[in-house]
Every structure is written in structure tokens, then in C-alpha cells.
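Residue numbers (the working numbering), protein chains in the order written: chain A, 212 to 377; chain B, 212 to 377; chain C, 212 to 377.
From the three backbone atoms N, C-alpha and C, an ideal C-beta is built for every residue, glycine too.
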Amino acid sequence: MMTMIMIKVEKMVGITQLMEDKVLMAFASYATIVLSKMMFMSTATAFYRLTRKVFANPEDCANFGKGENAKKYLRVDDRVERVRRAHLNDLENIVPFLGIGLLYSLSGPDLSTAILHFRLFVGARIYHTIAYLLPLPQPNRALAFFVGYGVTISMAYQLLTNRLYL
Amino acid sequence: MMTMIMIKVEKMVGITQLMEDKVLMAFASYATIVLSKMMFMSTATAFYRLTRKVFANPEDCANFGKGENAKKYLRVDDRVERVRRAHLNDLENIVPFLGIGLLYSLSGPDLSTAILHFRLFVGARIYHTIAYLLPLPQPNRALAFFVGYGVTISMAYQLLTNRLYL
Amino acid sequence: MMTMIMIKVEKMVGITQLMEDKVLMAFASYATIVLSKMMFMSTATAFYRLTRKVFANPEDCANFGKGENAKKYLRVDDRVERVRRAHLNDLENIVPFLGIGLLYSLSGPDLSTAILHFRLFVGARIYHTIAYLLPLPQPNRALAFFVGYGVTISMAYQLLTNRLYL
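Encoded structure:
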């Protein structure tokens, strides 16, 4: 009987058990999806740079011509700048979601409340990207932004009211 | 007595117990505060864009005029660019603090040393924002930047000397 | 014997034990290294701004002249912009690595597979910086970018196939 207890303990405290927690598993899934979506923005930028021949660095357009001939590709393009603004907006909003969301997930929230937060955030950021890239008329993008912003503030509020330690 | 031990074990290993750790609770509080401050920069940008009528996307100023008339609002403004530079500087510095700070918090540091690090960082970043937005004369902003930078390097140094595993 | 077991349990479940996990220790080491490298970009920007007298804010060049005389230093410089593009590319790629890599590390991957991922990512990002700052001819920078990108996608794929919970 002694032995049996010790095995149980060994099994329970392994680090992999952390990921048996449903809230943390859900956070891992939604965070991975929204980060993969953000990484897609790099691909979109590369796609527009190559198809429109719009580059920021001389070495990037060396294949398209020599010397002065290549310099004409060092230019700014509306389409590329739009993707880059969407990418930067993602960074500005997904970084707080990652930090606050991870700590919120570890603080023992109700599972369905937590999943509602994650779903709203990821849905809002995907809609934000669609609204930015098409583009859809305002206030589509603004609403998507504020839903994501509100979700993060809601998690921050719950963390600070339940676990404040300064 | 057997039963009593097992209950104790069950209670201790739940994921929510992670957040009973005082260093992690303190990190969660300070990280949430500094991320909320960073999110405030989005609101400040939106405020200046709307009050000064300075926009980056045609769909954002569609309410202010039609066609060519709206295009005059697609411009660059010193005040807006200043907020955006402050926001980007936040991102560049708060991301390392989040990553290194979380791992440092999990590595079992002394509680009062850890809290000193967190307080200095958060105070320095709040002062950095004030110094950037007012603006205060240099070297106010530079000093705030270097205090935050030094705190992160100090935590990185302690992590790498205590827990290096390559 | 009772007492002995209880001591063992106490020792095992402390938060500092999380960092006894080799995968998490390795992640902490590589993440700290790559974040420190990213922070070095701030220093490189400051170095080029000061040596080339290229500033973004009027208060930063107040020492170099008064009024109109100082304004000539508010300019854009190729070298500074190159460092800033490298820095932003770091942010765009290291943020997904931090988020996905941490959750992947907690999901109980094979140690040597995990370390291979971390090494490839950190090596690729260091090479990316060298290729960007020298600069090296393409496709050096592009290959470094895609190796880092591929490593993050590989960890994301493993997380989503093993631990999906939506």
C-alpha cells in the first residue's frame, strides 16, 4: 500500500500533468491558433512584396536588376503597408492576451467562462484581420478591435481583483 | 491516516495551487498592470487620430468626407507618431520582461528580490510613458528606458547562471 | 515512515520544482538567450542614432543645437531603419516562439526533440540578425527567417494535434 501511494504521487506532480488542466489546454489551443494567424501576416507581406515588387532592402531586389535599375523597387506600396499595419495591430493586442491570458488560466477560473473569453478574443482577431485586409467599411474593424480589447481587460480585471499581490 | 495524506496530496497539486506561490502572484499582478498600461497606448492613439483627424486607412475617414475630400485626412501627425513610437518601445521592452520574468518567477527566486525587480520595471515603464508623451527633456526618458532594460538583464543573468541547460 | 513520505511530497510539489523539468529548463535558457539578443537591437539602434546624429524626437537632439539648428537632426537614416526593421522582425517572430514554445514545453514533449527545436530557432534568429545587419546577400536572410518560422509551426502543429481543446 505504501508503494501504491508513492506511485500516485510521482504521477501527479510531473510537469506534463499541468497540461491535463482543461483551462490551460484550452488556452494553449486558442493561443496557438491566434499566434499562427499572426504568423500568416508575414507570409501575406512576403506575397505582396514579391508579386508587386515592392521592397525595403536593396539586397531583396538584387534579382530584379543591377544598381540603379534595382533601386526603383525600393518603394512603399499601399497594399503592403496595410498588411503591415494589421500585423503590428496584432502584435499590440495579442501580446497582452498571451501574458494576461496565461496568468488568468493559472488562477483557476471557471472553465466555461474562460473558454468564452478565449473564443471571443480569437474570433474578434480573425474578424479584425478580414476587416483590415479586404477592407470592410468601418465600424467593422473598430468593433473587432474593441471586442478583443474588452476580453483582455476583463481577464486583467479578474486577475487583479482575485490575486493582487503588490 | 492513509486517507488524510491522500487528500493533502490532491489539494496540493491542483493547477490553481501554482498561483498560491507569492512570487508568481506578484509577477501576475505587475505584468497585468504593465500590459494594461501598454494597452492604454492604443486608446491614446485612437484619441489623437479622432480629435486631430489623422488617419492611416481610407475607410477610417469615410465619415469626414467623400472621395478626394476624405483623402486629405490620410496624413501623418507628430503627436500621433509620438504615441506610436512610445507604444512600439513598450512592445520591444515588455515582451522580454514577460518572457524572462515568467521563467525567472518559476525558478524560485527570493520573494523580496523578485518584487524589487518587478516594481522597478513597472515604475520605470510608467515613467518612460510620461516622459515620452509630455515630453520631458532628456535624459528622463533615457534613464527610464535603462532602468527597465537593466532589470530585465538582471533577471536574465540570474536565470542563465542558475538554470542554464543547453 | 509516514513522516518520510510527507517530506517527499512537500519537496516535490513546490513551484520551484517546475524548473527541475529539463524541457522547461532548456526552454528557459534558449528563450532568455533569444530575448537578450532581441534587446541588443535597442542598443544597436541607440548606437547608430548617436554616432550618426539621427533622431526621431526633438528632445533627443536638444544637446546638438537650439531650435531650428536642432531640427536638422530629425531625419531618417538607412542604417537606423535597417536595425529597426530587424528589431520588428524579431518581435514578429519571437513572440509566437515564446507563446507556442512555452505551451509546447509544458505538454511533455521528448527532451531531445524539444531541444532540437529550440536550438534551430535560436540559431536561425541569430543568423537572421547577422544577415540583416551586415547585410548578406539573399537568400541568407530569407532562409534564416523560414527556419525559425518552420520550427514555430512544427511546435504549433504538435500542440494542436496532441492537446486540442476548443
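- Residue 300 (chain B): member of the alpha helix (DSSP H) spanning 289-317, first to last residue.
- Between residue 324 (chain B) and residue 286 (chain A), the alpha-carbon positions lie close to 50 angstroms from each other.
- Taking a C-beta distance under 8 angstroms as the contact criterion, residue 320 (chain B) and residue 250 (chain C) do not qualify as a contact pair.
- In the structure shown, residue 371 (chain C) falls within a helical segment according to DSSP collapsed to helix, strand and coil.
- Partner residues in the beta bridge of residue 285 (chain A), as assigned by DSSP, are A:266.
- Taking each of C:284, C:235 and C:364 in turn and checking the Cα distance to residue 259 (chain C), the smallest one comes out for C:284.
- For the segment 321-376 of chain C, not one full-length beta strand (DSSP E) segment reaches 3 residues or more.
- Against residue 310 (chain C), the close residues of chain A are 242, 246 and 309, in the order they occur along the chain (beta-carbon pairs closer than 7 angstroms).
- Residue-level contact check: residue 253 (chain A) touches chain C, since one or more beta carbons of chain C fall below 8 angstroms from its beta carbon.
- For residue 376 (chain B), the closest Cβ of chain C is nearer than 8 angstroms.
- A distance of 8 angstroms or more separates the beta carbons of residue 339 (chain A) and residue 362 (chain A).
- Around the CB of residue 275 (chain C), fewer than 16 other CB atoms lie within 10 Å, so the residue is classed as exposed.
- Proximity of residue 230 (chain A) to chain C, defined by a Cβ-Cβ separation below 8 angstroms, is satisfied.
- Within the model, the alpha-carbon separation for residue 309 (chain B) versus residue 326 (chain A) is close to 23 angstroms.
- Setting aside the 5 residues that flank it on each side, residue 315 (chain C) is surrounded in the same chain by 366 and 370, each with a C-beta closer than 6 angstroms to its C-beta; the list follows chain order.
- For a cut-off of 8 angstroms, the C-beta gap from residue 253 (chain B) to residue 303 (chain A) is around 6 angstroms, short enough to register as a contact.
- Out of B:312, B:272 and B:265, the CA that lies nearest to the CA of residue 292 (chain B) is found in B:265.
- The beta carbon of residue 233 (chain B) falls within 8 angstroms of a beta carbon belonging to chain A, placing the residue at that interface.
- Apart from sequence neighbours up to five positions away, the residues of its chain that approach residue 297 (chain B) with a beta-carbon distance below 7 angstroms are 252, 340, 343 and 344, ordered along the chain.
- Sequence-distant Cβ neighbours of residue 295 (chain C) in its own chain, meaning closer than 7 angstroms and more than five residues away, are 256.
- Interface annotation, residue 367 (chain B): not in contact with chain A, CB-CB separation never under 8 angstroms.
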